[in-house]
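Protein chains in written order, with the working numbering: chain A, 32 to 165; chain B, 32 to 165.
Protein chains: 2
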Amino acid sequence: MRRGELADASGCNIETVRFYERAGLLPAPPRSAGGHRLYNQDHLRRLVFIRRSRDLGFTLEEVRGLLELVDGGYTCGEVQTLTLKHLENIQGKIADLRRLERTLSDVASTCAGGTVPECPVIDALFDKSVGGRA
Amino acid sequence: MRRGELADASGCNIETVRFYERAGLLPAPPRSAGGHRLYNQDHLRRLVFIRRSRDLGFTLEEVRGLLELVDGGYTCGEVQTLTLKHLENIQGKIADLRRLERTLSDVASTCAGGTVPECPVIDALFDKSVGGRA
DNA sequence: GATAGTCCCTGTACCAAGTACAGGTTCAAG
DNA sequence: CTTGAACCTGTACTTGGTACAGGGACTATC
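Have a look at this one:
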């Protein structure tokens, strides 16, 4: 398989394949006489693993950790630990965004709209406390 | 006020002040004979505006838009439009993350933990469909 | 065997939104 | 006048890719 085929088969962008190779997530494949990368099913499997992990919101660093487990042997418990930790991260982000949403809709609700050349939202951004940060 | 004082007073990092100047969000202040930036209360007000907008999750591009309104005159309705649009963005992100959380906790729940050298989470990442992307 | 068209090669630059640092200068206090 | 802190500039780094320029390889057709 060449790079374009691998990309299509995995759902990755063709440039991303090279990027993952440079990042050390995907092993450098053998090359043709002319220097073209030649992939096999193992590469595809691994690339799909990476893409799915990314779809689940794991960072590349976390994916690297998962791949190390995969390569070096792992227990279900180790994987569970990483997964639950990541889940907590996601939940933390959701909580942050909900606070933000709350603050923002509070601010927005002070605003009556219309063609008045002043706005409490702008005033709040300039002058008032606007709630904590994410 | 010098740059460090402005940074402290606004809650920004000192480097960020320079970054916002380069980005065209904060006007270049007058300089001392030796080239040091000298800020006034208007700069502080504007920087606080930027920081608070950022805290509310507006991108720098959106902050730029808000500042253009501030500088050029605006109606409450215009501000409201931007604010509500941004609120929708945030809500969209929350929805994405909640789908992700759901998928992730579904995957995590298949996993029993312990010292077994295999894990359904890993299997899912390699072999199964794992749900849509954010 | 030539040629066209597609794919691939490398290196590099770009995005957001800053942060950090090196190497040199200025300011303010003592 | 000296010291030390704060400042100056330019540049590199981060994350997770994407995009492009300028060239080479592969494949099919004539």
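All residues carry an ideal CB built from backbone N, CA and C; glycine is no exception.
Between the alpha carbons of residue 110 of chain B and residue 143 of chain A lies a gap of roughly 10 Å. Secondary structure note for residue 108 of chain B: its alpha helix (DSSP H) is the uninterrupted segment 107–140.
Judged by beta-carbon spacing, residue 43 of chain B lies beyond the 8 Å limit of residue 83 of chain B, meaning their Cβ atoms are not closer than that value.
Under DSSP, residue 68 of chain B forms a beta bridge with B:62. Listed in chain order, the non-local C-beta contacts of residue 32 of chain A below 6 Å within the same chain comprise 70, local neighbours out to five positions each way being set aside. Of all C-beta pairs linking the stretch 120–133 of chain A to the stretch 121–133 of chain B, three or more are shorter than 8 Å, placing the two stretches in contact. For residue 89 of chain A, the secondary structure class from DSSP, reduced to helix, strand or coil, is coil. For residue 101 of chain A, the neighbours in chain B by C-beta distance under 7 Å run, in chain order, 153. One thing to note: residue 108 of chain B has its Cβ no nearer than 8 Å to the Cβ of residue 141 of chain A. Residue 91 of chain B is a Cβ neighbour of residue 56 of chain B, given a cutoff of 8 Å. Between residue 139 of chain B and residue 115 of chain A, the C-beta spacing is below 8 Å. Rounded to whole angstroms, the gap between the alpha carbons of residue 85 of chain A and residue 119 of chain B is 24 Å. Boundaries of the alpha helix (DSSP H) harbouring residue 49 of chain A: 45–53, taken from the DSSP string. For residue 151 of chain A, the enclosing alpha helix (DSSP H) covers residues 151–158. Distance from the CA atom of residue 158 of chain A to the CA atom of residue 157 of chain B, rounded to whole angstroms, is 52 Å.
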